[in-house]
Structures are given as C-alpha cells and as structure tokens.
Amino acid sequence: MQTSNVASRTPAGREINPVVVAYTAISSVVLVLLMLFGLALRLAQAEWLSLSPDLFYEVMTAHGAGMVGTAGLAGAGVMWHFLSRYVRLSQGIFITNLVLFLTGVVMILAAVFLGGFGGGWTFLYPLPATSGGVWDPQAAALYLGGLLVVGVGFLLFYLDAGRAIIAEYGGLGAALGWPVLLGTPAARLPEPTVVASTMVTLVNTLGLVSGAAVLAASLINLAAPNVAVNPLLAKNMIYFFGHVFINATIYMTVIAVYEILPHYAGREWRTSNPFLWGWTTSTVMVLIAYPHHLLMDFVMPEWALIVGQIASYAAGLPVLVVTAYGALALVYSSGIRWDAASSLLFLSMFGWAAGILPAIVDATIMVNLVMHNTMWVPGHFHFYLLLGMVAMIFGFMYYLGRERGAAEGALDRLAVWVFGLSGLGFALVFLYSGKQGVPRRWAVHLPQWLAYDRLASLLALAVTAAVLMFAVRFLVRVPRLIAMR
Amino acid sequence: MLQNTVWWISLILITLTAAVFAWVAVGAGQTADAEAVQRRAYRLRTGWFWLLIAVVVIATATTLTALPYPDRVSQPASRVLVRATGAQWAWTIEGPDIVVGKPIEFQVTSTDVNHGFGLYNSDLEMVAQTQAMPGYINRLRYTFTTPGTYHILCLEYCGLAHHEMTGDLVVKAN
Numbered sequence: 000m001q002t003s004n005v006a007s008r009t010p011a012g013r014e015i016n017p018v019v020v021a022y023t024a025i026s027s028v029v030l031v032l033l034m035l036f037g038l039a040l041r042l043a044q045a046e047w048l049s050l051s052p053d054l055f056y057e058v059m060t061a062h063g064a065g066m067v068g069t070a071g072l073a074g075a076g077v078m079w080h081f082l083s084r085y086v087r088l089s090q091g092i093f094i095t096n097l098v099l100f101l102t103g104v105v106m107i108l109a110a111v112f113l114g115g116f117g118g119g120w121t122f123l124y125p126l127p128a129t130s131g132g133v134w135d136p137q138a139a140a141l142y143l144g145g146l147l148v149v150g151v152g153f154l155l156f157y158l159d160a161g162r163a164i165i166a167e168y169g170g171l172g173a174a175l176g177w178p179v180l181l182g183t184p185a186a187r188l189p190e191p192t193v194v195a196s197t198m199v200t201l202v203n204t205l206g207l208v209s210g211a212a213v214l215a216a217s218l219i220n221l222a223a224p225n226v227a228v229n230p231l232l233a234k235n236m237i238y239f240f241g242h243v244f245i246n247a248t249i250y251m252t253v254i255a256v257y258e259i260l261p262h263y264a265g266r267e268w269r270t271s272n273p274f275l276w277g278w279t280t281s282t283v284m285v286l287i288a289y290p291h292h293l294l295m296d297f298v299m300p301e302w303a304l305i306v307g308q309i310a311s312y313a314a315g316l317p318v319l320v321v322t323a324y325g326a327l328a329l330v331y332s333s334g335i336r337w338d339a340a341s342s343l344l345f346l347s348m349f350g351w352a353a354g355i356l357p358a359i360v361d362a363t364i365m366v367n368l369v370m371h372n373t374m375w376v377p378g379h380f381h382f383y384l385l386l387g388m389v390a391m392i393f394g395f396m397y398y399l400g401r402e403r404g405a406a407e408g409a410l411d412r413l414a415v416w417v418f419g420l421s422g423l424g425f426a427l428v429f430l431y432s433g434k435q436g437v438p439r440r441w442a443v444h445l446p447q448w449l450a451y452d453r454l455a456s457l458l459a460l461a462v463t464a465a466v467l468m469f470a471v472r473f474l475v476r477v478p479r480l481i482a483m484r
Numbered sequence: 000m001l002q003n004t005v006w007w008i009s010l011i012l013i014t015l016t017a018a019v020f021a022w023v024a025v026g027a028g029q030t031a032d033a034e035a036v037q038r039r040a041y042r043l044r045t046g047w048f049w050l051l052i053a054v055v056v057i058a059t060a061t062t063l064t065a066l067p068y069p070d071r072v073s074q075p076a077s078r079v080l081v082r083a084t085g086a087q088w089a090w091t092i093e094g095p096d097i098v099v100g101k102p103i104e105f106q107v108t109s110t111d112v113n114h115g116f117g118l119y120n121s122d123l124e125m126v127a128q129t130q131a132m133p134g135y136i137n138r139l140r141y142t143f144t145t146p147g148t149y150h151i152l153c154l155e156y157c158g159l160a161h162h163e164m165t166g167d168l169v170v171k172a173n
C-alpha cells in the first residue's frame, strides 16, 4: 500500500497569510453574534425574552443563513491555509470571495432587519414572494440577491481551487487518488488535504450552481410573478444546494484535523487506499443523499427517496471508518500533548461521529414520518456542526496562536470543558424535544414544552460564553499573527 | 411509540461513541509504538467496516418494508377521502366523519406556500405527517385506532403565524 503523510510536509512556524487571519477573525466574530441570535430564539421560546413573532422569524432567518455562510467562510479559510501549501491558489480570488461575502452579508442583514424579511434561510419557493403582507418583494429580492452574491464568491473560490488542483495534479480524479486506487504504475499519491479539497471543490461547485439557478428563478418570479417556478423542483434544488453546502463546510474544516492533530500526536496521518475509497464514497453520497430532506414529499419518485435513505446511511461510513476511526488510532497511546487546539480537534471528531448517528436515524423513512421538522432536526445538525465543525474552527484558531508561541491558561481549559459539556447537553435537549414532537421553527411554544426550552437556554448561554472566550482569545492574538509574517 | 425507540437507540449509540473517545483520550498519555498501534488499528478496522456494513444492510432491509407512501399502504376502494388544505395560516378539512378503524386517505395540498401537515394525537405525540405543497396533492393513508381529538400542527415554516397554524380533528368511536 502506498502511503503519504502530511506531518513531514507541514512544519510548524510557516507563514500565515493575513487574508486567512481575516477570514478566521471575521468568522469568529460573526459566529459569536449569530450564537447570540440563536440564544435569543431559545430564550424567546422559553418565555424569558419577549420577541414578537415577526422579529423572532427575522432573527431565525439571520441565524440560519448567517451560520451556513459563516461556516462556509471559516471552512474556506482553513482549506485555503493548508491547500496553498500544495497548489498555487490565487490570493486575488481569495480576497474577492471575502469582499463578495461581506457585501452579501450587508444585503442580507438589510433585507432582514430593515426590510423585515423572515422567509427562513431555506427561502422555500414561493414563500419569498408570498409573505402574507409581512415583507415587500423588494426585501425578498435583497435577501435572495445577497445569497446570490455570497454564492458567486464561493463559486469563484472553488473554481480557482479546481484550477490550481488540476494544474498541479493533472486532474480532479488524480487528486482524489483514483489512479492509485486503479493500480496505475507510478501514480502520485495525493495528500489528505488535497483529497478533501478536491471533493469539496467538486460537490460544492455543483451545489452552488443549483443554488444560484433557483435563486435566479426566484428573483425572476419576484419581478414577474406570472413567471412561475415548479415548487417541487425548486425544493429539490434548494435542498440539494443547502445539503451539499453545509456538509462541505465540515469536509473543509476537517482538513485542520488531518494537518494539525498529527503534530500533537507525533504520528503521521497517512493517505491510504481506505482513505481514498472513503473520500470518493463521500463525494458520491453527499450528492445523492439530499432527497432525505424530501422524504415527506409523497409525490416525489419513490426510488429517489429510497436512494436518499440508503445514501444517508452510506455517507456515514467514511466518517466512522476513516476519519473518526483514524483520529482515534492516531491519538491512541500517542503521548499526545493536550492543549486547547488538540482538545478541540479531538472533541470535533467525537462531535462529528456522534452527531451523524441521530442524523442517520432520522434519514430512515419510517422514522422521518414522525420526526421530520421536529426539534430532532436542529438537534442532530447542531450536534455535528457545533461539537464538530465549530470545534474544528476554534481548534484551528488556537493552533495558529500556538504556532506563534501564544500561552494558554486555566481559563482556556475551562472554556473547552464548558463548550464540550454544555454543547452536548444543548444538542441532547434539542433531540429530546424532537422525540417529544416539538415542531422546529415555532416562535411560540406550548406550556408543556417550556421546560425543554429553559434548560436549552441555560446550556446555550454556557456554550456562547465558551465560544466568546475562544473568539476573544483569538482576536487578541491577531496582531501577533500578522506581525510575525 | 417509535419515537421512544429512536431516542434510546440514538442515546445508546452516542454514549458508546463518547465512551470510546473518552477511553482513548484517557489512555493517550501513555506511549506505544506507532507502527504497532497502526497495524492493530488497520486489522480492527476491517472488522469494524464489515460490522457497520452488516448493520446498514439489516437496517435498510428492515425499515424499507414499512414505507408510508400511498402505493405501499394498501387500502380498500371504500376508504374515506379527507381533503386537507393549508393556506396562510389555517387548515381547511373537508370530508365525512372520521371513525376509528376506517381507512382514511388525507389528500393534502396548499393554496399558497409550503406547509407541513403534522398529525398529533390527544397527548401531542406525532402519529404521521406529510408536506402540503401548492400544485401537488400528497396522499397520506392512515387508519385511526383510538378515538379522540387529534391535532394538526404546521410542520413547514410558512411565515409570520406559522406557529398558530393548527387545527383539530375529531375521531369518533366505531
């Protein structure tokens, strides 16, 4: 078996691109802000904070759209930081993406908080144009336009990544290691970062094109209401885009685990045939699993829904067999040095592996019949996004600081523990509420659900405090990160 | 209730995952030869992979036998048709009386945006659902076994009064 490792290729103390620092710093600030939005939603449901329904749904829209976009931004920062060690990426495109992102964010925030748009981040057609008199078509257009601008930035980012990977490795298939899997003599073994980046480039390009197409169609419908869109087609395109994009954020940020954890463990994370098979499987499964969002649309072709269930099961295998298992084997009896970075990255492997379990369960059609669009759904995605992806992001940030000799104290260790334990509790309360049938996205809850909301609010407060600590810690280190270029 | 089974299965799996991670984390301070650990891990991984494949195959084969889609839920031609129409922000239910033991086909649609037709029993436990979409009719087949007042809760976000889009459904004893 051919192997390659990243540990020997990524010595500590390399240059940190200031644009990566900008991506990371902006992501950390926005993440905290959006977590405060999320906290406000739970407090309102708990009847501890008074939010009118229109404001609740505006905050909900900003929280959802903002978190998806910010996860993408942070993931792109991690991917660029490490991928640029293997291929020649365009800094101009990297900056353009950031500028378009910020432009889109301003448009989205204006649409939501000035225009009153509260159509949810999913903007399910024809809700943007059919608000029941709550918001104007102009506000909806500004929101959809903002998403489109953000999407165009990311599309440019992935096109550039694809170009650079093809230039270096000769093709996307080669960068996924297919020649190695096919036994081609003298085939070049791609590094884990390159494999992950190639997968994300492939799937997210398709996802973003689908998202842009449905956004454009919805914008045309807003301008000319007689030009209708098929709502089922629109729903398929939106969920294809949304599913692929949010999954890709994890597949980008996990690069931090592949690159950083080996340093701490003093071992290599090898590219092996199972690793390559795992990533090729993920590439296919992420693309075809999206119908699990439409299992309750009984008019969908039945075969597509069955494929959605099976692909969702299969999509979990590479995580459980390759990445999470690989992390466990890497750390096992390694004498690893535990600090905030290594702890968060190891925790992220647990968050991802454990969080996909309730996700897979919910992708089972007979289960979905009584769980779809209950709190179970935000329960599972908060599990692997909060304890998985967010843990990876802040693990990466602590690592950047550590590379520049920044010290850590008891407060950092405490924050990691508070984050892990309260994050776990927060996700479990979501899941339990879903089991009890509590619908998601309800501004006002029934009295019998308030106990869950109140417990979740307290846990959300603790998680937010921990993340605030992580973010502040990183932000005070930014001058040092930039100065030591 | 299926939800209880799902909850306990998920909780057990999450706990087992947490236990494995905790065990590795606690023992990570010791050192062992990396090559030896890796060889052992690779051997174990093969078994782990096939175990998961077996679980996936069994779970797929078991669960796909109980699909809720109309062509998979056989009902006699004499079934009762009930039309459920969602519109911002209320449900309109049209049809004859619903009686325990009598097969019902809910024909669910919407006149404006996407809604979710969530059917809950009197204890607010969900028993079934389907989406309500403009231009389409989703057929949800269900036979009630217990009389009482059931509740319809909107399960797809539909705008300002989404949380107020509820309705009642009286199921009579046979």
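Residue numbers (numbering that gives the first Met the number 0), protein chains in the order written: chain A, 0 to 484; chain B, 0 to 173. Glycine included, C-beta positions come from ideal geometry on N, C-alpha and C.
Under 9 angstroms, do Pro438 (chain A) and His162 (chain B) count as touching if we go by C-beta distance?
yes
Nearest chain A C-beta to Val170 (chain B) closer than 9 angstroms, yes or no?
no
Are the C-beta of Thr121 (chain A) and some C-beta of chain B separated by less than 9 angstroms?
yes
Give the single residue among A:Thr363, A:Pro184, A:Glu57 and A:Val148 whose Cα lies nearest to the Cα of Ile57 (chain B).
A:Thr363
Spell out a yes or no on whether the stretch 99-112 of chain A and the stretch 141-153 of chain B are touching, meaning 3 or more CB-CB pairs, one atom from each, closer than 8 angstroms.
no
From the DSSP output, read off the bridge partner residues of Cys153 (chain B).
B:Phe116
Determine the direct distance from the alpha carbon of Ala264 (chain A) to that of Gly28 (chain B), and round the result to whole angstroms.
Linking Gly28 (chain B) to Ala264 (chain A) through their CA atoms gives a straight-line distance of about 10 angstroms.
Does the beta carbon of Trp337 (chain A) come closer than 9 angstroms to any beta carbon on chain B?
yes
Output the distance between the C-alpha atoms of Leu293 (chain A) and Ala64 (chain A), rounded to the nearest integer angstrom.
20 angstroms
Could you tell me which of A:Ala314, A:Thr248 and A:Arg403 sits nearest to Leu356 (chain A), measuring between CA atoms?
Closest option to Leu356 (chain A), Cα to Cα, is A:Ala314.
At 3 residues or longer, and completely inside the stretch 94-132 of chain A: list those beta strand (DSSP E) runs for me, N to C.
none
Roughly how many angstroms separate the alpha carbons of Leu386 (chain A) and Ala352 (chain A), rounded to a whole number?
10 angstroms
When the Cα atoms are used, what is the spatial distance from Ala75 (chain A) to Val199 (chain A)?
10 angstroms
Buried or exposed for Gln1 (chain A), please, with buried defined as at least 16 other CB atoms from any protein chain shown within 10 angstroms of its CB.
Residue placement at Gln1 (chain A) is poorly supported in this model, since its pLDDT is 40, which falls under 50; the coordinates still yield a value, given next. So Gln1 (chain A) ends up on the exposed side.
When you compare only the Cα positions, how much space is there between Val243 (chain A) and Gly68 (chain A)?
Going by the C-alpha atoms only, they are around 13 angstroms apart.
May I have the straight-line CA-CA distance separating Glu124 (chain B) from Gln435 (chain A), to the nearest angstrom?
For Glu124 (chain B) and Gln435 (chain A), the gap between their C-alpha atoms comes out near 7 angstroms.
Grouping DSSP H, G and I as helix and E and B as strand, with all else coil, what is Gln74 (chain B)?
For Gln74 (chain B), the secondary structure class from DSSP, reduced to helix, strand or coil, is coil.
On the premise that Leu139 (chain B) lies in contact with Phe116 (chain B), defined as a C-beta separation below 8 angstroms, what is that separation, rounded to the nearest angstrom?
Contact check for Phe116 (chain B) and Leu139 (chain B): beta-carbon distance about 7 angstroms, within the 8 angstroms limit, so the pair qualifies.
Can Ala21 (chain A) and Leu126 (chain A) be called in contact, C-beta distance under 9 angstroms?
It is not a contact, given that the beta carbons lie outside the stated cut-off.
When DSSP labels each residue in this structure, what does Arg472 (chain A) get in the three-state scheme?
helix
Considering only DSSP beta bridges, list what Arg177 (chain B) is partnered with.
Nothing in the structure corresponds to residue 177 (chain B), since chain B is present only between 0 and 173.
Is the closest heavy atom of the ligand SAM to the C-beta of Val29 (chain A) under 8 angstroms?
With respect to the ligand SAM, the structure shown offers nothing to examine, as it has no ligands at all.
Excluding sequence positions up to five away, which residues of its chain have a Cβ less than 6 angstroms from the Cβ of Thr142 (chain B)?
Within the same chain, Thr142 (chain B) has close Cβ partners Pro102.
Using the beta-carbon of each residue, which ones in chain B are nearer than 8 angstroms to Tyr431 (chain A)?
Under the 8 angstroms cutoff, chain B gives Trp6.
Beta carbons nearer than 8 angstroms to chain A: which residues of the stretch 141-157 of chain B have them?
Leu152, Cys153, Leu154, Glu155, Tyr156 and Cys157
By the three-class DSSP mapping on this structure, what secondary structure does Gly145 (chain A) have?
helix
What are the partner residues of Met66 (chain A), as DSSP defines its beta bridges?
DSSP output for Met66 (chain A) lists no bridge partner at all.
If I follow the unbroken beta strand (DSSP E) through Trp90 (chain B), where does it start and stop?
Ala89 to Glu93
Please check if any C-beta of chain B sits within less than 9 angstroms of the C-beta of Ser7 (chain A).
Only weak support is given to the placement of Ser7 (chain A): the predicted model assigns it a pLDDT of 33, under 50, and the value that follows is read from those uncertain coordinates. For Ser7 (chain A), the answer is no, since every Cβ of chain B falls outside 9 angstroms of its Cβ.
Going along chain A in order, which residues have a C-beta closer than 7 angstroms to the C-beta of Asp111 (chain B)?
The contacting residues are Thr129.
Using Cβ-Cβ distances below 7 angstroms, what residues of the stretch 71-91 of chain B are close to chain A?
Sequence-ordered contacts of the stretch 71-91 of chain B with chain A read Gln87 [C-beta pairs closer than 7 angstroms].
For Glu104 (chain B), which beta-bridge partners are listed by DSSP?
The beta-bridge partner set that DSSP reports for Glu104 (chain B) consists of B:Leu80 and B:Arg140.
What did DSSP end up calling Pro146 (chain B) once you bin it into helix, strand or coil?
coil
Secondary structure at Leu467 (chain A), three-state DSSP: helix, strand or coil?
helix
For chain A, find out if any of its Cβ atoms is closer than 9 angstroms to the Cβ of Ser9 (chain B); answer yes or no.
yes
Runs of 4 residues minimum, wholly inside the stretch 140-197 of chain A: which ones carry the alpha helix (DSSP H) assignment?
171-174 and 177-180
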